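Numbering (my numbering), first residue to last: 12 to 240.
Each residue gets a CB set at the ideal place from its N, CA and C atoms; glycine is no exception.
All values reported here derive from a predicted model rather than from experimental measurement.
See below for the structure under consideration.
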């Protein structure tokens, strides 16, 4: 999988290095040549770029990328401008780093659904989450047990939970299902909101855009993701 990381400070550099080590192609971008040089042997590709320039952004392989992570931390203005331009260029998945409640409010208003709080979340957790294709969110519970949010594989659409036999085949429990709806932000951008359907049972029917919330051993979760990639 290919990722673009904009901002090679501590957080962005750590995610980039982890994803590169995991075998992914990573393009690291920063305005500082010092930071670019520091990561040239640790990330697949690195380059100096002003990402507040839309013409510069257009030179990146945005359409071929699984996700663009805006990890800029020092310059909130550059973070917001870069994020808005990526949204304008219709990038499929944008993950934004935020450093304050106001920053998060603006990023969310632009229409970004995935935000990172570096003070609360580790770069290691985010690199693990990005490493598993289809995983929307990942939470470590204890030891080798995790909870993940993952997009519904096509073969389960319009089937009941009982018919899918996920527990029997993978030893995983479906905790709940998240369903999305689109709302317009205060700036006119479309924003997706996730709502839980509550407690599910074997008769609950899975819909096409559902996000499954699964609990189980990390190896069983990886088996499920790999089998349904």
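Short check: CB of residue i to CB of residue j, under 8 angstroms?
i           : j           : result
residue 186 : residue 172 : no
residue 61  : residue 30  : no
residue 224 : residue 158 : yes
residue 26  : residue 82  : yes
residue 14  : residue 129 : no
residue 57  : residue 50  : yes
residue 123 : residue 96  : no
residue 121 : residue 94  : yes
residue 109 : residue 127 : yes
residue 230 : residue 156 : no
residue 46  : residue 71  : no
Which partner residues does residue i have in the DSSP bridge list?
i           : result
residue 82  : BP columns for residue 82 are empty, so no partner.
residue 125 : 106
Closest Cβ-Cβ distance between residue i and chain C: below 8 angstroms?
i           : result
residue 149 : Chain labels in this structure do not include chain C; a single protein chain is all it has.
So, helix, strand or coil for residue i, using DSSP?
i          : result
residue 17 : strand
residue 24 : helix
By Cβ distance, which residues of its chain are closer than 6 angstroms to residue i, with the 5 residues on each side in sequence left out?
i           : result
residue 189 : 205, 207, 222
residue 87  : 114
residue 216 : 171
residue 80  : 16, 106
residue 98  : 121, 122
residue 125 : 106
residue 239 : 164
residue 167 : 175, 217
residue 44  : 59
residue 104 : 78
Please list, in chain order, all residues of the same chain as residue i whose beta carbon is under 7 angstroms from its beta carbon, the five residues on each side excluded.
i           : result
residue 92  : 63
residue 191 : 203, 204, 205, 220
residue 28  : 53, 54
residue 24  : 50
Closer than 8 angstroms by C-beta to residue i: which residues in its own chain qualify, once you throw out the five before and the five after it? Chain order, please.
i           : result
residue 100 : 65, 68, 69, 73
residue 234 : 181
residue 85  : 20
Sorry if obvious, but does the Cβ on residue i come closer than 7 angstroms to a heavy atom of the ligand SAM?
i           : result
residue 103 : No copy of the ligand SAM occurs in the structure displayed, which carries no ligand at all.
What residue ranges within the segment 160–238 form continuous beta strand (DSSP E) runs of no fewer than 3 residues, ordered along the chain? 184–195, 201–207, 222–228
Counting only runs of 4+ residues fully inside the segment 37–121, write out the alpha helix (DSSP H) ranges in chain order. 44–50, 65–68, 87–99, 112–121
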